[in-house]
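Asks: Under the working numbering, the first residue of the sequence shown carries the number 5, and numbering increases by one thereafter.
Glycine included, every Cβ here is placed at the ideal spot set by N, Cα and C.
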Amino acid sequence: MDEQSVDTPLLLSRGAGYVKKTPLFVSWAKWSLKFVIWVVFIAWVAFIFLSPAEFVNQVRRKWVQATSGSVFGITGSIFMVYSGPILVIAFLSIAYLIISGEEELHEKKASKHPSFRLWTFPVLVDGPFGVISATEFIGILLFLLFVIWSVYAYTMQILSLISQFQFTLKEKSCFILEVLGLRFGTIGLYCLAFLFLPVARGSVLLRLIDIPVEHATRYHVWLGHLTMLLFTLHGLFYVIAWAIEGNLLQEILEWKDIGIANLAGVISLLAGLLMWLTSLYPVRKQQFELFFYTHQLYVVFVIFLALHVGDFIFSIAAGGIFIFILDRFLRFCQSRRTVDIISAKCLPCGSVELILSKPANLRYNALSFIFLQVRELSWLQWHPFSVSSSPLDGKYHLSILIKVLGEWTAKLKENILNSSEAELQDELHLRPQTKITASVEGPYGHGLPYHLMYENLILVAGGIGISPFLAILSDILHRVGEGKPCLPRNILLVWAVKRSNELSLLSTVDMESICPYFSDKLNLEIHIYVTRESEPPLEEGKVHKTKNSSPSPMSDGCSMSVLVGTGNNIFSGLYVISSTLGFVILIGLLDIFYINPFGISSWWYKGLLFVICMLASVFIFGGLVVGIWHLWGRNETRQEECAREIDRIKVDRMQHNETAAHKDQSTQQNLPSSTNTYYGSRPDFKEIFGYVSEKWGRVDVGVIVCGPPPLQTSVATEIRSHNIRRQRHHPIFHFNSHSFDL
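1. In terms of alpha-carbon separation, which member of ALA57, ASP688, GLY323, ALA348 lies closest to TYR156?
2. List, from N- to C-terminal side, the beta strand (DSSP E) runs of 3 residues or more that fit wholly inside the stretch 349–418.
3. Taking contact to mean at least 3 C-beta pairs separated by less than 8 angstroms, is the stretch 405–420 in contact with the stretch 478–493?
4. Does DSSP put SER347 in a helix, a strand or coil?
5. Using a threshold of 8 angstroms, state whether the C-beta atoms of ASN572 and LEU101 are closer than that.
6. Can PHE693 and PHE739 be called in contact, C-beta distance under 8 angstroms?
7. For VAL444, which beta-bridge partners are listed by DSSP?
8. Which one of SER511, SER504, GLY577, ARG503 has the shortest CA to CA distance from ALA475?
9. Where does HIS229 sit, in a helix, a strand or coil, going by DSSP?
10. What three-state label does DSSP hand TYR683 in the structure shown?
11. Determine, using beta-carbon pairs with one atom in the stretch 196–216 and one in the stretch 241–261, whether at least three such pairs fall under 8 angstroms.
12. Please classify ASP344 as buried or exposed, where buried requires at least 16 other C-beta atoms within 10 Å of its C-beta.
13. Going by the DSSP bridge assignment, what does LEU528 pair with across the sheet?
14. Compute the Euclidean distance between the alpha carbons of ARG732 and LEU309, then round it to the nearest angstrom.
15. Can you tell me the Cα-Cα spacing of LEU421 and LYS415, whole angstroms?
16. Return the CA-CA distance between PHE1 and LEU278, expressed in angstroms with no decimal places.
17. Whose C-alpha, out of ILE532, THR190, SER718, is nearest the C-alpha of SER239?
18. For ILE589, does the three-state DSSP call read helix, strand or coil?
19. Ignore the nearest five residues each way along the sequence and tell me which others in THR671's own chain have a CB closer than 6 angstroms to its CB.
20. What do you reckon, are the CB atoms on SER283 and PHE295 nearer than 8 angstroms?
21. Looking only at its chain, what residues have a beta carbon closer than 8 angstroms to the beta carbon of MET618, apart from the 5 residues adjacent to it on each side?
22. How about the stretch 88–98 and the stretch 613–630: do they share at least three Cβ pairs that are nearer than 8 angstroms?
23. Where does VAL752 sit, in a helix, a strand or coil, going by DSSP?
24. Look up VAL68 in the DSSP assignment and say whether it is helix, strand or coil.
25. With which residues is PHE739 paired in a DSSP beta bridge?
26. Pairing CB atoms from the stretch 694–711 with CB atoms from the stretch 465–473, are three or more of them under 8 angstroms?
27. Starting from the C-beta of PHE305, find all residues in its chain whose C-beta is less than 8 angstroms away, skip the five residues before and the five after it, and write them out in chain order.
28. Which first and last residues belong to the alpha helix (DSSP H) in which ASN266 is found?
29. Is CYS617 helix, strand or coil by DSSP?
30. Please state whether DSSP places GLY466 in a helix, a strand or coil.
31. DSSP state of LEU533, grouped into three classes?
32. Based on DSSP bridge pairs, tell me the residues matched to CYS562.
33. How many Å lie between MET564 and GLN338 at the Cα?
34. So, for ASN61: in the same chain, excluding its five sequence neighbours on each side, which residues have a beta-carbon less than 8 angstroms away from its beta-carbon?
35. So is TRP607 buried or exposed if we call it buried at 16+ other beta carbons inside 10 Å?
36. Which residues does DSSP list as the beta-bridge partners of VAL622?
Set out below in structure tokens:
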């Protein structure tokens, strides 16, 4: 392809790169909602940030005095200030998503001049946090600044108090330790207000700001370390002070009705410490099941925290926890459904491909994740996998690729192979059929597919990390072939694998059948690096058999639920609003008919009632909406049954054609002509980015990486280096990670 063809938009005549025109009043409404959301969010964060300041304390005291006479009392006053804003943002987000509608075109007009973007520029590339963008670095600094400022402000207040009294050295030491411990607990509560928001996977908040679940999980991990450090210091300072005073055991076992229940706090802290220790990377990597099961102690942590501090203090962090409960209940409802496995097969490289049934109105994009549970293997384990199919491959199915890495995946592969071998024996009634009972959560991920935001793409994969890029390639080829708007026109795929038998993964996408003569419309280059083989194997032309299982014995279910992920915005909004209003109603009724008439004053008991109201509002009021939503979805599913059966036949034919292709051609012959395979070497990203800089010129280049941390570090290092030292006629590279590492 010559220089002129690269510089001229190939698909401009088809409307590539342009957003569908939005009516003026819709644009105005969306802009207004976003403006209000930002105002509320900035005000909320500023109030929390400045909470240690004395003038904010005075404002808060005046607010509590002015509003505590209401039905909801002091709890309502504090809840409105600390947790109310996040719920208001959730309501506004619902309105924004509904007004935005389900726009099919997500692409933006290509920029004539490349520009730096804080969220795609890697600042730190090799450290305990992994690759950190400039935006994430600013966020980390702000949180650290908040903690340092809070400790400083509270320390000054403590020193001021000490100067007003005559203390002995022992009394002074105990006083400083206890007040500092109290303040560390307060700072921890402020951090806790944010802790649960990133792991509300399908919440409207993550969908609004378009944070993919793999990034949100990282933020939860960072906040978890900070929060538990603060709570540990909180408990440790009290324990030291009580030990100095000589009443350690008595204080630990104390459970006051009016005031803080110490024993409940100890139980909550112990649960938090167990979660924290088992979530450290070495433990999580080597003993994932231990980490997973121990992390369910968050229920104990939250409930006993409420018992420890009472309802009005707990309400500081209640907003984020309530958003998480909403999402968790919805995910629980979705995961109860058994999902039909249309097809399961083992590829020559040893990986497994599952094709799952989905309803037409469940939307996802080529960079989505799902969480999969197989009940025959474990009732508790859920594992994340990238979707390897494009939404344009079919309305009623999606596929995932699974590499056999651990015990769970090995058992899954064994079950599929056993099912395949049992098919002939089933006919002779020699043994019962083998089934796999699958459940799914999701899909999750970017609301806007950012692979469609760049004219120029570099896709860097390591091993099974090719999975989401198969979906990207299929998505782009479908769009090009069907004449749909499609911004990408220069694509470089860099794939590093250990063995050549993994190359069969790339053949799962039949590029020519999706878009005949795509090389005339798309500049696609593929560079494959086989790192542990110095030359092509002698049996390169040998056909590796793919073991397919028959769809019928694999499962007996239906299509996955639309309750989570990018489902129906109206039902999702009704669910959040009804649950929140239900919570307010239950708290009000509890105050009017029980707490106030009977003079209930125990802090721990009111904290327990507060948590029960949170749960009941979601189960009762939210559950009613979920029930109606489920009936609506079931009615939609009935109408799709015929079309789903046609789609199933289409999948079977695709597999048959693929098997026939394997019989006629080798894996290498199925690859595009623009494919270069290098044996015994690793990608030299300095050379690759230098080559791209000279060839593509002064443009924005989106780089998406899916692979292990060392691969991400290598790519991010070169991107940072090239962007800092770039010449005027060179591109700006934008780093995007798509690697999910729990």
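Replies: In terms of the structure at hand:
1. Closest by alpha carbon: ALA57.
2. Those beta strand (DSSP E) runs which fall completely within the stretch 349–418 and span 3+ residues are 356–361, 373–378, 387–390, 401–406.
3. Three or more beta-carbon pairs separated by less than 8 angstroms are not found between the stretch 405–420 and the stretch 478–493, which leaves the two stretches without contact.
4. Correct three-state label for SER347: strand.
5. No, Cβ-Cβ distance for ASN572 and LEU101 is not below 8 angstroms.
6. In this structure, PHE739 does not lie closer than 8 angstroms to PHE693 by Cβ.
7. LEU376, per the DSSP bridge assignment.
8. Nearest neighbour of ALA475 by Cα position, chosen from SER511, SER504, GLY577, ARG503, turns out to be SER511.
9. Under the three-state reduction of DSSP, HIS229 is assigned to helix.
10. Of the three classes helix, strand and coil, the one that applies to TYR683 here is strand, per DSSP.
11. Not touching, per the Cβ criterion.
12. With 16 or more other Cβ atoms within 10 Å, it is buried.
13. DSSP lists ILE495 as partners of LEU528.
14. Going by the C-alpha atoms only, they are around 56 angstroms apart.
15. Taking the straight line joining both Cα atoms gives about 10 angstroms.
16. Any question about residue 1 goes unanswered here, given that the chain covers just 5 to 746.
17. Note that residue 239 corresponds to Gly in the displayed sequence, not to Ser. Comparing alpha carbon positions, the residue from ILE532, THR190, SER718 closest to GLY239 is THR190.
18. The answer is helix: DSSP assigns ILE589 an H, G or I state.
19. Summary for THR671: the model assigns pLDDT 46, below 50, so the residue's position carries little reliability; its value from the coordinates is reported in the next sentence. The residues are LEU507, SER508, SER511.
20. In this structure, PHE295 lies closer than 8 angstroms to SER283 by Cβ.
21. Around MET618: ALA322, ILE325, PHE326, ILE329, PHE587.
22. Touching, no.
23. Nothing can be reported for residue 752: it is not among the residues displayed for the chain, which extend from 5 to 746.
24. Correct three-state label for VAL68: helix.
25. DSSP, once it has assigned bridges, lists VAL707 as partnering PHE739.
26. For the pair of segments examined, the stretch 694–711 was found to touch the stretch 465–473: the number of CB pairs separated by less than 8 angstroms reaches three.
27. Here PHE305 has SER272, ALA275, GLY276, MET279 as same chain residues with Cβ atoms under 8 angstroms from its own Cβ, once five neighbours each way along the sequence are excluded.
28. Segment 266–282, the alpha helix (DSSP H) holding ASN266.
29. CYS617 falls in the helix class under three-state DSSP.
30. In the structure shown, GLY466 falls within a strand segment according to DSSP collapsed to helix, strand and coil.
31. Looking at the sequence shown, residue 533 is not Leu but Tyr. Here TYR533 sits in strand by DSSP.
32. For CYS562, the beta-bridge partners assigned by DSSP are VAL343.
33. One C-alpha to the other measures close to 8 angstroms.
34. Hits under 8 angstroms: SER55.
35. Buried.
36. DSSP output for VAL622 lists no bridge partner at all.
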